[in-house]
Every structure is written in structure tokens, then in C-alpha cells.
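Here's the structure, in C-alpha cells; my notes come after.
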Amino acid sequence: MPELPEVETVRRGLESVLVDARFDRVEQRRADLRFPFPERFPERLTGQRVISLGRRAKYLLAALESGEVLIMHLGMSGRFIIARAGANVKNPGEFLHRAGQQDRHDHVIFTMSNGATITYNDARRFGFMLLTAGNELQAHKLMRNLGVEPLSEDFSPDYLAARCGAKKTSLKAALLDQRIIAGLGNIYVCEALFRARLSPRREASSLALGSGAASMRARRLVPKIKSVLEDAIAAGGSTLKDFHAPEGELGYFQHSFAVYGREGLECARPGCGGVVKRIVQGGRSSFYCPRCQR
DNA sequence: AAGAACTCCTGTTGGC
DNA sequence: TGCCAACAGGAGTTCT
């Protein structure tokens, strides 16, 4: 479900109820999600104050007073639901009608010292929560091979061209590879490629071809990746199926999709006149306009 | 050793 | 209406 913009939206929502608060109570309602929960998970959190809540790729990282870091990943369907102290009743939609109720997919419930209740719900259970020592975080198996943050200065045309230079795989697959760019997912890769007018079918190495260390194509693509992510974060992410920020707000970037989910519709580029096509790459849908994306 | 296929799990949707 | 297949925002593991 969530790609970088959605995870960042969740991070911002959780920050205000998590940081500086302590875990008063942790209810772990099953033994595992994608992975087993850590040993003595509730005990290791209870009483701990949260120092900060960060994000790396699609991971949320809560630094604890104990020195441990709580690593959380939402998988495809994971979400957090916040109920603040004094139960505000003005949240819309599903959030309202399920207030006070339990869902069979509510797997973890945090009760914080500020009175907030934070519920982790995940139907497909591809998400997970792990604990690791803060000083071992960088070397953690899940962290050590991650590529650059796409919104950082380090993500440049030179970097992208260098990392794609010898890749035989498709450009689509390369952009989804978290070892190259950390945090991109299927939607935003499709949208960035559309904005850059590049075909997802193009060989990744072709990004490095052309004049200079970074080709024209890499120079064109990198700013589009950044802008599509920035635009999506500004919109609070994309709401497909049921994504919403932790306090119930819906993201609205899905209204700005140019190609994702638009198979058979006319290309959004003025004057193009092409028709959006869906192909399958690596078992996942790619949407693009064969006419203007080359 | 890169790249593709398979896997986890549940829910929703579209076609008949 | 029901039934069934296809598909869904991820990514670690296993194969070739």
C-alpha cells in the first residue's frame, strides 16, 4: 500500500502523539505479522519514552529512551489509527464508525502516556515490527543495502546513471530496486516515468548512454522523481482502497495520477492523443503511454 | 551473481 | 445473486 509519500504522511501524523510520550501499555494480539514479533515485545516497549520518529525508505524508525529502535513497516495493507485522549468525534468516514470497536486485523495497540491510543491494523500482514539496538541500525540487514533517499541531495543524475549503467533489466525494475533508490514503489515509478516521457520497458543501462557522465535521460528523470514525490507528500499521499493518514484524513494525490490505473484512457499530455497501456513487468502492472514515453 | 519467479495473506473487483 | 479468477501500494527468499 504505502510508498514513500504515504509513509511520510503516516510519520508526520504519528509524530505528534508518539514523540516525547511513553508507552503505558502495549497489546500484541498475535505472535507474528510478516515476521515474528521480537522476544518480549510489549515488555521492551512499556515505560519507554519515544525520542524521535524518523523514516528511511518505507520504514518508520522510532528511537527509544532505552537505546533501541522500533522498526515498523506497513507492507501492502498496514495502517495506524490514532485515537487521541478525550476521544474526538469529528473524524470522518470509517474512522468515525469504527471508533471504539475492534477489527480482526487490529494486531497491535499502543496506549501512550499522553492518553492517545494507536492501533496498527494490517489485513494482509505483510507489515512488521522489529527492535534493534540504535547503534546497530545502520548495519541492520534491512537497512544496510538501501540506496539513496530520492529526496536527498545525494540522488543526482550522476548517481542514477552510475547505478543503472550496467543493468540489463528494465528501467521500471531498476527504479523499483530499493538498493538503488529507497522508497519508490509501483505508483510513483509509473508517474515519474510518465513525467519524464521515458518508457518503463527501456533497458536500465540506456539511462547512462549519451553525452556526459549522466545522460540527458537521467537528467530528465531525476527531477521528475523528486517532484512527483514532493507533490504526493503535499497532497497527503494517495488514497487507493483505504489508505488514510493516522487521524483519518484521506490523501488526494490519486486524483493527480496521469497514468496509474488509467489503462485505455487518453494520455493526459495535451496534444499527445495516445492511449494509456498496461503491461506486466516482474509480475506488476506498469501503466504508460506508448506514444509519448520512449 | 544478476535477474526473474515465487512467496507470504486477505480483501476487492470484474466478468460470466 | 453467486462463483471464481485476477489483482492489489512490498520485498525477502529461492530459483535459473
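Going by my numbering, the first sequence opens with residue 14, and the numbers climb by one from there. Where a beta carbon is used, it is the ideal one built from N, C-alpha and C, also for glycine. Every value quoted in this text rests on a predicted model; they were computed, and no experiment measured them.
**Q.** Rounded straight-line distance, which links the Cα of R307 to that of R176
**A.** 20 Å
Span of the beta strand (DSSP E) holding G36? Going by the sequence as given, residue 36 is Phe instead of Gly. 36-41 is the extent of the beta strand (DSSP E) around F36.
Worksheet item: Terminal residues of the continuous alpha helix (DSSP H) containing R291?
Response: Not the alpha helix (DSSP H): R291 falls in the beta strand (DSSP E), residues 290-294.
Checklist entry - With 16 other CB atoms within 10 Å as the buried threshold, where does H257 fall? => result buried
Point to revise | Backbone secondary structure at T22 - three-state DSSP | key: helix
Using 10 angstroms around the beta-carbon of E204, count the other beta-carbons present and answer buried if the total reaches 16, otherwise exposed. buried
*With G60 and D135 assumed to form a contact (beta carbons below 8 Å), what rounded beta-carbon distance in angstroms separates them?*
Wrong, their Cβ atoms sit about 25 Å apart, outside the cutoff.
Worksheet item: In whole angstroms, what separates the C-alpha of E52 from that of V39?
Response: 13 Å
Taking contact to mean 3 or more Cβ pairs, one atom from each stretch, closer than 8 Å, check whether the region 134-152 and the region 113-123 are in contact.
yes
Taking 8 Å as the threshold, find out whether the region 228-246 comes into contact with the region 157-171 through three or more Cβ pairs. yes
What residue range is occupied by the uninterrupted alpha helix (DSSP H) comprising R176? 170-177
Find out if the Cβ-Cβ distance for the pair L144, R24 is shorter than 8 Å. no
Nearest CA to the CA of Y201: which residue from S269, G223, L150? S269
Could you name the residues of the same chain whose beta carbon sits closer than 7 Å to that of K180, not counting the 5 residues immediately before and after it, in chain order?
-> A187, A217, S218
Using beta-carbon positions only, say whether E276 and K254 come within less than 8 Å of one another. no
* To do: Look at P213 and Q267 and say whether their C-beta atoms are less than 8 Å apart.
  => no
Which residue's Cα is closest to the Cα of R62: A221, L77, G26?
L77
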